[in-house]
Amino acid sequence: MNWLKTRKNDVLLVAALLLLGGALALFLHVTKQDGGTLRVQVDGCTELELPLGEDARILLGEGGEFTNLLVIENGAARIAEASCPDQICVNHGAIRYAGESIVCLPHKLVVSVEGGAPGGVDAAAR
Numbered sequence: 015m016n017w018l019k020t021r022k023n024d025v026l027l028v029a030a031l032l033l034l035g036g037a038l039a040l041f042l043h044v045t046k047q048d049g050g051t052l053r054v055q056v057d058g059c060t061e062l063e064l065p066l067g068e069d070a071r072i073l074l075g076e077g078g079e080f081t082n083l084l085v086i087e088n089g090a091a092r093i094a095e096a097s098c099p100d101q102i103c104v105n106h107g108a109i110r111y112a113g114e115s116i117v118c119l120p121h122k123l124v125v126s127v128e129g130g131a132p133g134g135v136d137a138a139a140r
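Heads up: the sequence shown begins at 15 in my numbering, then just goes up one per residue.
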């Protein structure tokens, strides 16, 4: 009979964790906000700031030791091509929400989404 009690507690624990995980996922989905600006940093220095609302194709690192093709379209940004060996930045996919980023470690490149319209009330309502 002791194994039955343990099994019941295990089921309750799994159910509680699933409920908590679902609540967290819902919270993150509801509170995310669209980005307004795309910041491109190379070796910690800001190289470009671009609006996400305007479509563009920009070749980063042209003439240097690396190249990355940054594509902005339909309010999202992605790295379409890169000269790095692992291609993680290319396989990452598009970013569009504030706080998201794409990193290319071999090239010391960070592309991050910032700004955007506030997603809700910032202060207590009276």
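Don't be surprised by glycine CBs; every beta carbon is placed ideally from N, CA and C. Source: prediction; values computed, not measured.
Non-local beta-carbon contacts of residue 114 in its own chain, meaning distances under 6 Å to residues more than five positions away in sequence, involve 127 in chain order. Ranking 50, 59, 54 and 55 by CA distance to the CA of residue 65 puts 50 first. As a beta-bridge residue in DSSP terms, residue 65 pairs with 51. Contact between the stretch 110–125 and the stretch 84–92 is present, with at least three C-beta pairs closer than 8 Å.
Scanning the stretch 71–121 for uninterrupted alpha helix (DSSP H) segments of 4 residues or longer gives 102–105, listed from N- to C-terminal end. The beta carbon of residue 85 lies closer than 6 Å to those of 71, 92 and 94 in the same chain, with the five residues before and after it left out.
By the Cβ-count criterion, residue 96 is buried, with 16 or more other Cβ atoms from all chains shown falling within 10 Å of its own Cβ. In this structure, the CA atom of residue 112 is about 15 Å from the CA atom of residue 88. Nearest in C-alpha terms to residue 110, of all of 35, 117, 102 and 47, is 47.
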